[in-house]
Amino acid sequence: MKTNNKNAPDHVAGEQDIEQEMEFSANYRWQHWVRAVSIVVLTVTGFYIAEPFVAPISDGTPTNFMQAIFRSVHIVFGFLLTAVIIGKSYLFVFGRKHKMERDALKDIINPKIWIQQIGYYLLICKHPKLSGVYNPLQFMAYVGFYIMIFVLIITGFILYANVYHEGFGGLIYEPMRYLEEMMGGLAIVRQVHHITTWGVILFVFGHVYMAVYNAVFGKEGAMDAIFSGMKWHKKH
Amino acid sequence: MLAESKDATYDSLQKAFEQRVEQLKRLPAMENKDKSIEEAIEEAGFSRRDFMKWSASITAMLSLPATFTPLVAEAVKVADRLPIIWLHMAECTGCSEALLRSANPSIDSLIFDYISLEYHETLMAASGWQAEQNLENAMHKYKGRYILMVEGGIPTGNEGSYLTIGGHGKKGKDIALDTSKDAAAIFAIGTCSSFGGVQAAAPNPTGAVALSEITNRPVINVPGCPPSEKNIVGTLLHYLLYGTLPALDAYNRPKWAYRLRIHDLCERRGHFDAGEFVEQFGDQGAKDGFCLYKVGCKGPYTFNNCSKQKFNQGTSWPIQAGFGCMGCSEPNFWDTMGTVNEPLKDRLYHTVFGGLGADATADKIGIGILTATAVGIAAHAAISAVKPPKE
Amino acid sequence: MSKRVIVDPITRIEGHLRIEVVVNDDNIVEEAYASSTLWRGLEVIAKGRDPRNVPLLMQRICGVCTYSHYLKSTMAMEDALGIKIPYNAELVRSLMDQALFLHDHIVHFYHLHALDWVDIVSALSADPVKASELAFKYTDFPIATGTDDFARVIDTVGKFAKHPQGLGPFANAYWGHSTYRLTPEQNLIALSHYLKALEMQRIVAQMQAIFGGKNPHPQSLVVGGVTCVMDMLDPARMGEFMVKFKKLADFVNNAYYADVLMAAEMYKTEPSVMKPMGVKNFMAFESMMLGRKDYLFDSGIIMNGDLTKTFDVDISKITEEATHSWYADDEALHPYDGKTNPNHTGFVDGESIGPDGNVVHTKNIDPEGKYSWIKSPRYDGHPMEVGPLASTLVSYVKGNKRVVKIVNDFLEKAGVPAAALFSTLGRTAGRMLQAKLIADHGLTAFNNLIENIKSGDTDTCVPYVIDKDKEYKGVGIGDVPRGMLSHWVRIKNGVVENYQAVVPSTWNAGPMDAKGQRGPYEGDLMGLKIADITQPLEIIRIIHSYDPCIACAVHVMDTKGNKISEYKVDPLYDGACST
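Residue numbers (the numbering used here), protein chains in the order written: chain X, 7 to 242; chain F, 1159 to 1549; chain D, 326 to 904.
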């Protein structure tokens, strides 16, 4: 049988029919890739800021501003990431199309799903039937990721306010200094920012592996979903 | 004729004198509560009449007309010096030495003209019982009006027995507490009294704490190891000139000195923005004055005015001498600022894995965990390939 | 009936010190105890830290002899890691060291010690004209002794003295004490120099800051060299150093030297000052590089005041014990498992003479038990005195030409025999002679630095690696303003495994050892006659002559056991100690 979706490829695997289903909206996908690119750029520029690993060819006069450029890029992408993270957080809570994300909450409180999901990854159980788009492990990983991102944003703002005293920096200066004191000084803020980055790097590696894993073994075209928005599954 | 010109001279003199007294009066030093010489004389059993008589005799002695008498009296009343009690707790006397470096005003001018240094163990002539008496007298005589300046952390471990002073073996923390009760203002001079300092660095064997931890009176922190002479004397001068306490930041440091980071006004900032860094001490970059960030400068995390005021009458400061800032005016800087010649990201984490020596930096740990993750991923993928997950 | 006298706090020193003596009916001291009353535990804190951080941390032992500990600690790290620093760096360090010595000795003599010799109140009754003339007796080019200078001094201090707010830091001292020997005019000269020296110490501190970034607590030494390459290569900075040095040399020669000469003239008949010292063993260590293989101070030991021969220093003979120190006694059976832990037993309830001569209830030292945070170091079982006098005597006996001339000149001018140096006056003079030695010869190092830079050598730092898998140990040793100082380090896993400092004031201020031998402080007080036990100026003068640095002296010996002989010892950089 043919699928009724015109985007479906012509060839089908074996006897069984496969159908496509819209999993992620365009907006959702765009945001994802903006986040992804931001994280990569921020990590690279961030590591440069932590310890400058390239040096400009210098003629002795400080005119090429390499650090300033790295810092500018870091800040631009920092604000970009902040914007999409805030947008995404809003949509998660209120977005109509994001109900499927919120639905995943139901599985969190269901121990059976947890056990099944862990068993699946340990290659001893079948994949559980999920209520939302994320399995409980995945959901908790995302919650951790968002906590880390918010820690990065806040510590980033504290560091930002101490460099740029006008405009937005001036606006958030006082509350940021208060947070800075609570954390135990700017040096600690800087270290928390750095360590949390490592947390995000670990998340990204785990996330990419799980996505590929699901693409290979999950047979639902999980990787494709974040590019085209479609997921594939056998026709019911 | 002669008398006329003399009158004119006196007139101008009187005007000048009046102006000076007005100026002096405007100096806040002792406020209203202050006991001036007049009060001291009254206390000693003389009346106001006696005081005016004395003023008259002084006026006569200076060959001035009688109209000057009230002015002389006024002038004397406002001429009191600010009483200071300076305590030494668990310290190295570096802050006292920094005070000695003050040039404007110089330490002698400070002692003779501006303050009455009632107790300062490094400078005072009296020892033993006589020293203790000086402290008691000052606390009594200037109750509620003296400035308490404390150098050194307060050892609280073993019930504070790591420091005792005097024939009665009084504990340092008790002395600090007692003197802080009746002080008009309290200045913690140096990082030790402000935040605990070097003796409070891990594992803090003597339980040293900041002065503000043991008293509930407000304490103005003037940290630095030691703070520059300008910051010590400046805090005092603020009180002398304005008669008020300075605006403070989140760590109770005077904003006039500790508002900005070292980094913000650094003379090498241009090289920082240019990405030009000293890679190794003594290299060409060091000779060219490149930024010291990569060799461990903690200026970006340190709030102080060293880059502006410098030290020893503007002779130099650590960054000018080619050594990065070590963050000495920040709380717990010995523990939070990492290795002195490395960027902060290379801080050693003693608590991680029982402190794996020089390996325990954030990046090394991060790479370690990442490697472990990668191995885990590879193993999982390999097993999955052989034995795919159940559908 | 014997009476007990407590002097606590001893002021005008670095740190917290108590002196307690028991006098007989003739007010002669029969028992004497020195007790440090503060413990900070910096060596404990050093453990587990990066070796590059520790020198800065160790510098915080003391802010008066600031730089001493920084330098020796850095040298210990370099010794351990087998680093030979560039010649330029050696010389720059030496210049900073000269500034420290000059600063420390001037501040000690004028601001910490002078008031034991000089009666300020007496100075106010001096005749400025007579005093001005008198100044020429002690030097051809007196400083700050014009009649105008004196008029101002009398005016400033006189007003101060009459002010009802009182004498401030000079209040309630021992003015008029019977052992003050200077005439009013001599007191006035010294008082004028007291004020002038406040200015000079600022200038000499600037000298150190030129290369050190700041003072106190300079910050330009790194393991491997110095960082102040820009200052070193800047002729204006170098010139500034030289000019300031000359200014200070002038002050040392025409004020400090003259004043000690003046004091010697008047005090050489004062028994409490000329009383022979209790410990006549001296130890000093080579220090202050002037050029390749050329050091200003020599190493050596003098035993029992014998000025005919010196012995070589064998550091493996140094031990420390804690019989009367507030540490758990770890002498014992398992030196490699031993740990030094504080064991504060405090004072005991007792009585002593109060401020007005009555017996008052006090907390007293328990001579049978532990009574100080300072340990008792011994060399081959003997107590030793260290300090400028020890250094000067050792170099003198060894025939160091620079020193022999300076010492002989002084003895001749003061009209005293060499034996007079074994006294409180001698100790104070020895410190001045060391300052003069630096003032006369310090610029040799400066000139050698200029020559070396001129030859095209601009190296100030060498690279090195700390191998985590290796274990290192090393020592930094040499004389600092208060005497022989050594820092000892073990590095393992790339961090400091063990750290200790054997500090000058520990040698001098330590309590009795197990055999009942007293250290220099205590030994010197024995047999002292005190004129008025409520005004123990004689005690204070003797103690001050050592220039006590008590924060330095108090330290924990935490090298697995209490012997440091397990370290292989090599002087300075000749042959690395690294294993």
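Note that CB positions come from ideal geometry on N, CA and C, so glycine has one too.
Just so you know, these numbers come straight off a predicted model, no measurement behind them.
9 angstroms Cβ cutoff, residue i in contact with chain F
{"i": "residue 81 (chain X)", "result": "no"}
{"i": "residue 222 (chain X)", "result": "yes"}
{"i": "residue 77 (chain X)", "result": "yes"}
{"i": "residue 134 (chain X)", "result": "no"}
{"i": "residue 526 (chain D)", "result": "yes"}
{"i": "residue 535 (chain D)", "result": "yes"}
{"i": "residue 419 (chain D)", "result": "no"}
{"i": "residue 10 (chain X)", "result": "Note that residue 10 (chain X) has pLDDT 43, beneath the 50 cutoff, so the model's placement of it is unreliable and no number is given."}
{"i": "residue 41 (chain X)", "result": "no"}
{"i": "residue 142 (chain X)", "result": "no"}
{"i": "residue 290 (chain D)", "result": "The structure shown does not extend to residue 290 (chain D), since chain D is modelled only from 326 through 904, so no value can be given for it."}
{"i": "residue 550 (chain D)", "result": "yes"}
{"i": "residue 436 (chain D)", "result": "yes"}
Residue i (DSSP reduced to helix, strand or coil)
{"i": "residue 781 (chain D)", "result": "coil"}
{"i": "residue 804 (chain D)", "result": "strand"}
{"i": "residue 1244 (chain F)", "result": "strand"}
{"i": "residue 30 (chain X)", "result": "coil"}
{"i": "residue 1282 (chain F)", "result": "coil"}
{"i": "residue 825 (chain D)", "result": "strand"}
{"i": "residue 678 (chain D)", "result": "strand"}
{"i": "residue 401 (chain D)", "result": "helix"}
{"i": "residue 464 (chain D)", "result": "coil"}
{"i": "residue 833 (chain D)", "result": "helix"}
{"i": "residue 1320 (chain F)", "result": "coil"}
{"i": "residue 95 (chain X)", "result": "helix"}
{"i": "residue 716 (chain D)", "result": "helix"}
{"i": "residue 1406 (chain F)", "result": "strand"}
{"i": "residue 812 (chain D)", "result": "strand"}
{"i": "residue 1495 (chain F)", "result": "coil"}
Inter-residue spacing [alpha-carbon to alpha-carbon] between residue i and residue j
{"i": "residue 730 (chain D)", "j": "residue 761 (chain D)", "result": "11 angstroms"}
{"i": "residue 166 (chain X)", "j": "residue 1488 (chain F)", "result": "19 angstroms"}
{"i": "residue 713 (chain D)", "j": "residue 488 (chain D)", "result": "40 angstroms"}
{"i": "residue 514 (chain D)", "j": "residue 501 (chain D)", "result": "17 angstroms"}
{"i": "residue 1465 (chain F)", "j": "residue 539 (chain D)", "result": "12 angstroms"}
{"i": "residue 158 (chain X)", "j": "residue 1248 (chain F)", "result": "39 angstroms"}
{"i": "residue 5 (chain X)", "j": "residue 234 (chain X)", "result": "Examination of residue 5 (chain X) is not possible in this model, given that chain X is present from 7 through 242 alone."}
{"i": "residue 139 (chain X)", "j": "residue 208 (chain X)", "result": "22 angstroms"}
Min CB distance residue i to chain D below 9 angstroms
{"i": "residue 1304 (chain F)", "result": "no"}
{"i": "residue 1455 (chain F)", "result": "no"}
{"i": "residue 1424 (chain F)", "result": "no"}
{"i": "residue 1332 (chain F)", "result": "no"}
{"i": "residue 1278 (chain F)", "result": "yes"}
Test: residue i CB closer than 9 angstroms to a CB of chain X
{"i": "residue 1476 (chain F)", "result": "no"}
{"i": "residue 1490 (chain F)", "result": "yes"}
{"i": "residue 1371 (chain F)", "result": "no"}
{"i": "residue 1496 (chain F)", "result": "yes"}
{"i": "residue 1416 (chain F)", "result": "no"}
{"i": "residue 1361 (chain F)", "result": "no"}
Chain-ordered neighbours of residue i on chain B, where CB pairs are closer than 8 angstroms
{"i": "residue 1323 (chain F)", "result": "In the structure shown, chain B cannot be found, because the protein chains are X, F and D."}
Cβ distance (whole Å) where residue i is taken to contact residue j below 8 angstroms
{"i": "residue 193 (chain X)", "j": "residue 1494 (chain F)", "result": "5 angstroms"}
{"i": "residue 1260 (chain F)", "j": "residue 1387 (chain F)", "result": "4 angstroms"}
{"i": "residue 783 (chain D)", "j": "residue 558 (chain D)", "result": "6 angstroms"}
{"i": "residue 620 (chain D)", "j": "residue 860 (chain D)", "result": "Not a contact, Cβ separation roughly 43 angstroms."}
request  = Let me know the beta strand (DSSP E) ranges lying completely inside the segment 592 to 636 of chain D, each 3 residues or longer, listed in chain order.
outcome  = Complete beta strand (DSSP E) runs here, min 3: 607 to 609, 612 to 616, 619 to 622, 625 to 627.
inquiry  = Which runs of the alpha helix (DSSP H) at least 4 residues long sit entirely within the segment 1330 to 1372 of chain F? Give them in chain order.
reply    = Runs of the alpha helix (DSSP H) lying entirely within the segment 1330 to 1372 of chain F and spanning at least 4 residues, in chain order: 1330 to 1339, 1348 to 1353, 1369 to 1372.
inquiry  = Give the list of continuous beta strand (DSSP E) stretches no shorter than 3 residues that lie fully inside the segment 120 to 196 of chain X.
reply    = Counting whole runs of 3 or more residues, the segment 120 to 196 of chain X contains no beta strand (DSSP E) stretch at all.
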